[in-house]
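In our numbering, the protein residues as written are 16 to 395.
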């Protein structure tokens, strides 16, 4: 299935802008629908001159508006649904906004698809999140490698600095292993809950309408073009601003918590592969590097990429809803869509730092975000 006219919701955002640029270079006509929210783009959106490209049809609209969906879907072959409120911590106290944008926005898309008099849309690609798993997968080496998916960590354990999930049978610490798509889903934040529900809406809705779909569970995406203004998501953005301002890099827990960091160019390649697939997809797939990196190691390497000595401070603080470990098993997307990440963390951090140094120095708003969490007893 070769793309021709593609709708990208959230197409002015981080991943969207990179995807749109790639699609245009490959000859596609792209319609972008984006509300240009101030949290991501600033009060006065800047740096969006590329939206005037003749191959781009830009619609400033909201996924929470049915009429905007009706207009945006007209004549479209494939949809890449990226528009979403993101941020684990913020989602815990702005529940209504996250549910409206992520759940109602996706529900309205299905409504609009079903009501089209001439349904041209053949495939929908959804940007989901590794957060739907909650904690990633683990094994107990003491219990002969028994595989398990522990539930959310308890606040009482976190206050006592008991960071690691423990085996319920023998009491020993569990060891993280790559998380598979078949592993159980245990969202531990409102944001994660909305992404899990989005998946169900797309799967059920598209199946009912006989529209092919692909659901990509993205790991921690980073790279050139990501918002440097949003203090609620994007650890590399937050840390890069503090490095440039010669401020400490506060690390939650003991700094050994790990994530799977994947460069935006590799994520774009996954979406291109999904759009290009000649065979029906109708499946969910992990998109990541397949490598676990501790947050402390990331902060140290990012500092080095900026040519600065690391000012890492392990605080012992924690956020309700955060997980300990999660990294992806990417075997399925490799087998079905021939996807393979090509940008190592070292190379990606160098590229990211070079780009950041060309951008205006943002205000550091990390303390503001943490204060909001503390006031709502969501951070300890």
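Ideal Cβ placement from N, Cα and C applies to all residues, glycine included. Remember, it's a predicted structure, so these values are computed and weren't measured experimentally.
Around the beta-carbon of residue 391, fewer than 16 other beta-carbon atoms lie within 10 Å, marking it exposed. For residue 199, the number of other beta carbons within 10 angstroms of its own is below 16, and it is reported as exposed. Between the stretch 265-282 and the stretch 237-251, the count of Cβ pairs shorter than 8 Å is three or higher; the stretches touch. Under the Cβ criterion (8 Å, minimum of three pairs), the stretch 238-253 counts as touching the stretch 100-115.
For the options 332, 291, 262, 208, the alpha carbon positioned closest to that of residue 324 is the one of 262. Contact annotation: residue 84 and residue 118 have beta-carbon atoms that are not nearer than 8 Å. In the three-state reduction of the DSSP assignment, residue 108 falls in the coil class, being assigned neither a helical nor a strand state.
Excluding its 5 nearest sequence neighbours in each direction, residue 284 has C-beta neighbours in its own chain below 7 Å: 354, listed in chain order. In this model, residue 77 and residue 375 are separated by some 28 Å (Cα to Cα). Between residue 216 and residue 125, the C-beta gap is smaller than 8 Å, which places the two residues in contact. Remark: fewer than three beta-carbon pairs, one from each stretch, lie closer than 8 Å, so the stretch 159-168 and the stretch 302-313 are not flagged as touching.
If the five residues before and after residue 69 are omitted, its C-beta is found closer than 7 Å to no C-beta atom of its own chain. Under the three-state reduction of DSSP output, residue 155 falls in the strand class. Residue 302 and residue 348 do touch by the CB rule: their CB atoms are close to 6 Å apart, below 8 Å. By the neighbour-count criterion, in which a residue is buried when 16 or more other Cβ atoms sit within 10 angstroms of its Cβ, residue 145 is buried.
Of the residues 183, 336, 289, the one whose Cα lies closest to the Cα of residue 108 is 336. The residues 281, in chain order, have a CB closer than 7 Å to that of residue 357 in the same chain once the five nearest residues on each side in sequence are set aside. Spanning the alpha carbons of residue 255 and residue 30 requires a straight line of approximately 18 Å. In the displayed model, residue 137 falls within coil according to three-state DSSP, outside both helix and strand. Taking all protein chains shown into account, residue 170 has fewer than 16 neighbouring C-beta atoms within 10 Å of its C-beta and is therefore exposed.
The beta carbon of residue 208 is closer than 7 Å to those of 202 in its chain, skipping five residues each way along the sequence.
Each residue's CA atom was taken as its position, placing residue 273 and residue 81 some 39 Å apart.
Taking 8 Å as the cut-off, the Cβ atoms of residue 45 and residue 38 count as close. Shown here, residue 20 sits in a strand according to DSSP, grouped into three states. In this chain, residue 181 is not harboured by any beta strand (DSSP E), its DSSP state being neither H nor E. Per DSSP, the beta-bridge partners of residue 264 are 327.
The Cβ neighbour count for residue 225, taken over all protein chains shown within 10 Å, is under 16; the residue is labelled exposed. Ranked by Cα distance from residue 79, the options 41, 210, 24 are led by 24. Residue 167 places its beta carbon 8 Å or farther from that of residue 151. In the same chain as residue 379, and ignoring 5 residues on each side of it, the C-beta atoms closer than 7 Å to its own belong to 256, 257, 260, 262, in chain order. The beta carbons of residue 147 and residue 229 sit no closer together than 8 Å.
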